[in-house]
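In the working numbering, the protein residues as written are 178 to 281.
These notes concern the structure reproduced below.
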(Lines of atoms letter the chains of each structure in order from A and count residues from 1; the text may use other names and numbers.)
(Lines give C-alpha, C1' and ligand atoms only; values in the text may rest on other atoms or scores of the structure.)
Protein backbone atom coordinates (compact mmCIF):
# COMPACT_ATOMS: atom_id res chain seq x y z
CA UNK A 1 0.00 0.00 0.00
CA UNK A 2 1.28 3.46 -0.84
CA UNK A 3 0.61 6.43 1.40
CA UNK A 4 1.43 10.03 0.50
CA UNK A 5 2.15 12.40 3.37
CA UNK A 6 1.00 15.77 2.04
CA UNK A 7 2.49 18.65 3.97
CA UNK A 8 0.21 21.37 5.27
CA UNK A 9 1.07 25.04 4.80
CA UNK A 10 2.83 25.18 8.17
CA UNK A 11 4.45 21.80 7.51
CA UNK A 12 5.76 23.09 4.18
CA UNK A 13 7.26 26.12 5.92
CA UNK A 14 9.00 23.80 8.37
CA UNK A 15 10.43 21.40 5.77
CA UNK A 16 11.72 24.29 3.67
CA UNK A 17 14.48 24.63 6.28
CA UNK A 18 15.88 21.17 5.44
CA UNK A 19 17.48 19.61 2.39
CA UNK A 20 16.02 16.49 0.84
CA UNK A 21 18.56 14.12 2.41
CA UNK A 22 17.90 15.47 5.88
CA UNK A 23 14.15 15.02 5.46
CA UNK A 24 14.59 11.43 4.32
CA UNK A 25 16.86 10.71 7.28
CA UNK A 26 14.53 12.30 9.84
CA UNK A 27 11.38 10.60 8.58
CA UNK A 28 13.11 7.22 8.20
CA UNK A 29 14.50 7.42 11.74
CA UNK A 30 11.15 8.32 13.31
CA UNK A 31 9.28 5.72 11.23
CA UNK A 32 11.74 3.00 12.26
CA UNK A 33 11.32 3.93 15.91
CA UNK A 34 7.52 3.76 15.66
CA UNK A 35 7.62 0.43 13.81
CA UNK A 36 8.98 -1.12 17.02
CA UNK A 37 5.57 -0.42 18.60
CA UNK A 38 3.27 -1.02 15.62
CA UNK A 39 2.77 -4.14 13.51
CA UNK A 40 3.62 -2.64 10.11
CA UNK A 41 6.58 -2.55 7.74
CA UNK A 42 7.20 0.82 6.10
CA UNK A 43 9.79 1.87 3.56
CA UNK A 44 10.68 5.34 2.33
CA UNK A 45 12.01 4.91 -1.22
CA UNK A 46 14.75 7.41 -1.99
CA UNK A 47 14.16 7.28 -5.76
CA UNK A 48 10.50 8.34 -5.39
CA UNK A 49 11.30 11.11 -2.90
CA UNK A 50 13.84 13.22 -4.76
CA UNK A 51 11.92 16.52 -4.44
CA UNK A 52 10.08 16.43 -1.14
CA UNK A 53 10.18 20.19 -0.58
CA UNK A 54 9.14 21.06 -4.14
CA UNK A 55 6.31 18.50 -4.33
CA UNK A 56 5.23 18.92 -0.71
CA UNK A 57 4.74 15.16 -0.50
CA UNK A 58 6.65 12.28 1.10
CA UNK A 59 5.79 8.89 -0.41
CA UNK A 60 5.96 5.78 1.78
CA UNK A 61 5.08 2.13 1.20
CA UNK A 62 3.40 -0.09 3.79
CA UNK A 63 3.45 -3.89 3.96
CA UNK A 64 2.22 -6.42 6.51
CA UNK A 65 -0.20 -3.89 7.98
CA UNK A 66 -1.64 -5.20 11.25
CA UNK A 67 -2.37 -1.91 12.98
CA UNK A 68 -4.45 1.21 12.54
CA UNK A 69 -2.64 3.23 9.86
CA UNK A 70 -4.28 6.51 10.92
CA UNK A 71 -3.07 6.07 14.50
CA UNK A 72 0.46 5.29 13.31
CA UNK A 73 0.66 8.42 11.16
CA UNK A 74 -1.00 10.58 13.81
CA UNK A 75 1.75 9.57 16.22
CA UNK A 76 4.40 10.10 13.53
CA UNK A 77 3.03 13.59 12.89
CA UNK A 78 3.23 14.39 16.58
CA UNK A 79 6.79 13.03 16.93
CA UNK A 80 8.16 14.61 13.76
CA UNK A 81 7.22 18.09 14.99
CA UNK A 82 10.20 18.08 17.37
CA UNK A 83 13.02 18.26 14.78
CA UNK A 84 10.96 20.35 12.35
CA UNK A 85 10.08 22.98 14.92
CA UNK A 86 13.73 23.38 15.94
CA UNK A 87 14.52 24.94 12.56
CA UNK A 88 11.27 26.80 12.08
CA UNK A 89 12.21 30.43 12.60
CA UNK A 90 8.75 31.45 13.80
CA UNK A 91 7.53 31.16 17.32
CA UNK A 92 4.23 29.57 18.06
CA UNK A 93 2.60 26.24 17.62
CA UNK A 94 3.33 23.88 14.76
CA UNK A 95 -0.03 22.21 14.18
CA UNK A 96 -0.56 19.33 11.80
CA UNK A 97 2.57 18.83 9.74
CA UNK A 98 1.01 16.57 7.10
CA UNK A 99 -2.19 14.86 6.02
CA UNK A 100 -2.24 11.28 4.83
CA UNK A 101 -3.56 10.20 1.46
CA UNK A 102 -3.83 6.43 0.98
CA UNK A 103 -3.08 5.61 -2.65
CA UNK A 104 -3.04 1.77 -2.46
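Even glycine gets a Cβ: it sits at the ideal position worked out from N, Cα and C.
Handout entry: Cutoff 6 Å; reference residue 243; Cβ partners in own chain excluding five residues on either side
Key = Residue numbering aside, residue 243 sits at position 66 when the chain shown is read from its first letter. The residues are 216.
Exercise for the section: Return the residue from the list 253, 238, 195, 214 that minimises the CA-CA distance to residue 275. Expected result: Along the chain shown, one-based indexing puts residue 275 at 98. For the options 253, 238, 195, 214, the alpha carbon positioned closest to that of residue 275 is the one of 253.
Handout entry: Residues that residue 180 bridges to, as DSSP identifies them
Key = The residue labelled residue 180 in the question sits at position 3 within the chain shown. Looking at the DSSP output, residue 180 bridges to 237, 279.
Problem - Spatial distance of residue 225 from residue 201 (CA atoms) - result: For the purposes of this step, residue 225 is identified with residue 48 of the chain shown, where counting begins at 1. For the purposes of this step, residue 201 is identified with residue 24 of the chain shown, where counting begins at 1. For residue 225 and residue 201, the distance between alpha carbons rounds to 11 Å.
Practice task
Starting from residue 218, trace the beta strand (DSSP E) both ways and give me its first and last residue.
Solution key: Residue mapping note: residue 218 aligns to position 41 of the chain shown, counting from 1. Residues 218-220.
Practice task
Following the continuous alpha helix (DSSP H) through residue 250, name the residue where it begins and the one where it ends.
Solution key: Stepping through the chain shown from its first residue, residue 250 is reached at position 73. Residues 246-264.
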